[in-house]
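Asks: Residues in the sequence shown are numbered from 8 upward in steps of one, following our numbering.
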Amino acid sequence: MLFRLEPNTPRFEVFRLLNTELLYFLEHSVTANTFNQALFTSSPVGQACWDNTKTRENFESIFRELHVAGHIKKQQLFEAVRDHQDLQAFFHTPNRDLLGFLPQPCSDALKTISTHLYCATKDLIPIITAAGGANITAHFNAFRDQAINGNICKTCGMKELAAFRAGVPGGDQWRADYDHQLCKSKYPIFAVHPDNLIPMCDVCNQDAKKAKDLFKHKNGTNRLAFYPYNEEAKNFIDITIDNLRDPEPKIKVEWNTHDPVTLDKLGTWDEVYEIRSRVEGQFRSLEQIIEDEIHPRDSAHLVSRISDEARLKNADTLKRKEWSFWYQKLFATLNQIDIEPFIAKWEFIHEQGVDGGEFILNPT
Ligand SMILES: [Zn+2]
8 MLFRLEPNTP
18 RFEVFRLLNT
28 ELLYFLEHSV
38 TANTFNQALF
48 TSSPVGQACW
58 DNTKTRENFE
68 SIFRELHVAG
78 HIKKQQLFEA
88 VRDHQDLQAF
98 FHTPNRDLLG
108 FLPQPCSDAL
118 KTISTHLYCA
128 TKDLIPIITA
138 AGGANITAHF
148 NAFRDQAING
158 NICKTCGMKE
168 LAAFRAGVPG
178 GDQWRADYDH
188 QLCKSKYPIF
198 AVHPDNLIPM
208 CDVCNQDAKK
218 AKDLFKHKNG
228 TNRLAFYPYN
238 EEAKNFIDIT
248 IDNLRDPEPK
258 IKVEWNTHDP
268 VTLDKLGTWD
278 EVYEIRSRVE
288 GQFRSLEQII
298 EDEIHPRDSA
308 HLVSRISDEA
318 RLKNADTLKR
328 KEWSFWYQKL
338 FATLNQIDIE
348 PFIAKWEFIH
358 EQGVDGGEFI
368 LNPT
């Protein structure tokens with residue numbers, strides 16, 4: 008996460024209820040020999056899970072597979088779920104092979120019921136009523152309220168979560184997808200854990216992360232990840248600019264810490280969400296950034312505007328304006344280094360009306 012989530016971030020009550028129901032079901036399945044309604048809570052949530060055919064069938068499938076696997080596996084699964092409800096602790100010491108003891112059919116059935124709870128059961132009217140009437144769009148609206156997290160993706164700071172439309176009631180506004188920090192395929196027991204689901208921009212969630220494992224690189228090496236509620240990357244980032252005399256100076260994102268654990272988490276954040284390549288892609292032409300963001304009248308105006316843009320943004324701006332963190336970082340770097348060669352180039356280009364490549368051949 009570029010920015011940690013705010014302490015008053017609301018958890019989605021529907022997920023809390025479904026997560027509790029799943030745990031209750033697994034606990035009561037340990038000693039049960041037949042699948043029946045006694046495996047569900049006597050609350051409206053238990054009743055709704057029982058009454059909804061597809062949800063009930065998926066619960067029945069996992070019950071059947073666990074029954075075949077035997078009592079010890081049932082007990083192991085219940086304990087694995089019960090003992091890993093604290094996600095902050097899990098991020099601190101991840102158990103990367105949490106469900107390795109489960110036979111494949113059990114594992115598959117667990118994924119199916121978990122995914123179904125997340126994709127379908129969460130939208131059942133009796134469940135939403137039991138949660139006080141707030142559906143996922145209501146939760147999303149509360150999550151992105153400017154007084155809480157705002158509408159900019161906390162993971163990257165580059166994109167809005169979802170566009171606001173004027174004149175559209177809150178319940179009909181578009182919403183962002185929720186990212187499973189611990190992906191459903193690898194960690195199905197957290198599919199409806201209220202701390203595991205975070206609204207994220209579509210680039211972070213759909214283009215970059217997909218089903219990547221936060222705690223294991225695809226090359227097999229173990230890694231750690233920022234816990235989104237109390238850890239963030241923003242204080243460990245530098246923007247550097249190399250070869251300011253070149254036609255296209257190279258803008259890079261670097262880490263300003265030597266702490267191995269923080270570096271590990273920064274590496275995970277970067278690999279999972281492709282942070283550096285996205286920033287360096289956005290910043291691929293300094294000349295165009297100056298033109299688009301500053302549109303200077305002359306070199307004095309350019310210098311004074313760089314200094315303006317280098318000022319720290321306030322927290323509210325960071326919560327509502329795409330890229331504001333990153334552009335401020337870039338201009339702060341420009342404000343600190345000797346940009347004389349760049350200004351000379353800018354003046355040359357401006358006066359001659361030629362492209363930047365000419366300057367290196369014919370410096371004035
Ligand atoms: Zn994002």
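For every residue, glycine included, the Cβ atom is placed at its ideal position computed from N, Cα and C.
Alpha carbon to alpha carbon, how far is P14 from R304? Give it in angstroms, no decimals.
Replies: Translated into positions along the sequence shown, residue 304 becomes position 297. Translated into positions along the sequence shown, residue 14 becomes position 7. Answer to the nearest angstrom: the Cα atoms are 44 Å apart.
Asks: Which residues in the same chain as K216 place their Cβ atom closer than 7 Å to its Cβ, once the five residues preceding and following it in sequence are excluded?
Replies: Taking the sequence shown and counting its residues from 1, one reaches residue 216 at position 209. Within the same chain, and ignoring the five residues on either side of K216 in sequence, the residues whose Cβ sits closer than 7 Å to its Cβ are D186, V279 and Y280.
Asks: Is T38 near ligand 1 - that is, is its Cβ less than 7 Å away from at least one heavy atom of it?
Replies: Mapped onto the sequence shown, residue 38 falls at position 31. No, ligand 1 has no heavy atom inside 7 Å of this Cβ.
Asks: How about A317 and Q335: do their beta carbons lie closer than 8 Å?
Replies: For the purposes of this step, residue 317 is identified with residue 310 of the sequence shown, where counting begins at 1. For the purposes of this step, residue 335 is identified with residue 328 of the sequence shown, where counting begins at 1. Contact: yes.
Asks: Verify whether the separation of the beta carbon atoms of A127 and K61 is less than 8 Å.
Replies: Numbered from its first residue, the sequence shown carries residue 127 at position 120. Numbered from its first residue, the sequence shown carries residue 61 at position 54. Yes, Cβ-Cβ distance for A127 and K61 is below 8 Å.
Asks: Should the segment 228–238 be called in touch with the segment 293–301, which here means at least 3 C-beta pairs below 8 Å?
Replies: no
Asks: Tell me whether M8 counts as near ligand 1, meaning its Cβ is closer than 7 Å to at least one heavy atom of that ligand.
Replies: Locating residue 8 in the sequence shown gives position 1, counting from the first residue. False, no ligand heavy atom lies under 7 Å from that Cβ.
Asks: Using 10 angstroms around the beta-carbon of D202, count the other beta-carbons present and answer buried if the total reaches 16, otherwise exposed.
Replies: Working through the sequence shown from its first residue, we reach residue 202 at position 195. Burial call: buried.
Asks: To the nearest angstrom, how far is the alpha carbon of P195 from that of E347?
Replies: Position 188 of the sequence shown, counting from 1, holds the residue named residue 195. Position 340 of the sequence shown, counting from 1, holds the residue named residue 347. The alpha-carbon atoms of P195 and E347 are separated by roughly 56 Å.
Asks: With a 10 Å radius around its C-beta and 16 neighbouring C-beta atoms as the bar for buried, classify A138 as buried or exposed.
Replies: For the purposes of this step, residue 138 is taken as residue 131 along the sequence shown, with counting starting at 1. So A138 ends up on the buried side.
Asks: Using alpha carbons as the reference points, say which of L46, I282 and G274 lies closest to F66.
Replies: Within the sequence shown, numbered from 1, the residue matching residue 66 stands at position 59. Among L46, I282 and G274, the Cα nearest to that of F66 is on L46.
Asks: Shortest alpha-carbon distance to P267 belongs to which of V260, N40, F243 and L117?
Replies: Start at 1 with the first residue of the sequence shown, and residue 267 comes out as number 260. Of the candidates V260, N40, F243 and L117, the residue whose Cα lies closest to the Cα of P267 is F243.
Asks: Relative to ligand 1, what is the chain-ordered list of residues with a Cβ closer than 7 Å to any of its non-hydrogen atoms?
Replies: C160, T162, C163, M165, K166, M207, C208, V210, C211 and Y280
Asks: Whose C-alpha, out of H200, D245, R252 and H99, is nearest the C-alpha of N229?
Replies: Within the sequence shown, residue 229 is the residue found at index 222, counting from 1. Taking only the C-alpha atoms, the option nearest N229 is H99.
Asks: Would you mind reading off the limits of the alpha helix (DSSP H) that contains I120?
Replies: Counted from its first residue, the sequence shown places residue 120 at position 113. Q111 to C126 is the extent of the alpha helix (DSSP H) around I120.
Asks: Just how far apart, CA to CA, sit N59 and G164?
Replies: Counting from 1 along the sequence shown, the entry for residue 59 is found at position 52. Counting from 1 along the sequence shown, the entry for residue 164 is found at position 157. Roughly 40 Å separates the two Cα atoms.
Asks: Please report the distance separating the alpha-carbon of T371 from that of I356.
Replies: Residue 371 sits at position 364 when you count from the first residue of the sequence shown. Residue 356 sits at position 349 when you count from the first residue of the sequence shown. Because the pLDDT of T371 is 47, which lies under 50, any placement of that residue in the model is unreliable, and the number read from its coordinates should be weighed accordingly. Each residue's Cα considered, the two are about 11 Å apart.
Asks: Which residue wins for smallest C-alpha separation from R182, given the options L124, G157, R71 and L293?
Replies: Residue 182 sits at position 175 when you count from the first residue of the sequence shown. Out of L124, G157, R71 and L293, the CA that lies nearest to the CA of R182 is found in G157.
Asks: Can you list, in chain order, the stretches of the alpha helix (DSSP H) that have 4 or more residues and sit fully within the segment 126–179?
Replies: 132–137 and 143–150
Asks: Based on DSSP bridge pairs, tell me the residues matched to L204.
Replies: Along the sequence shown, read from residue 1 onward, the residue named residue 204 stands at position 197. Paired residue(s): H187.
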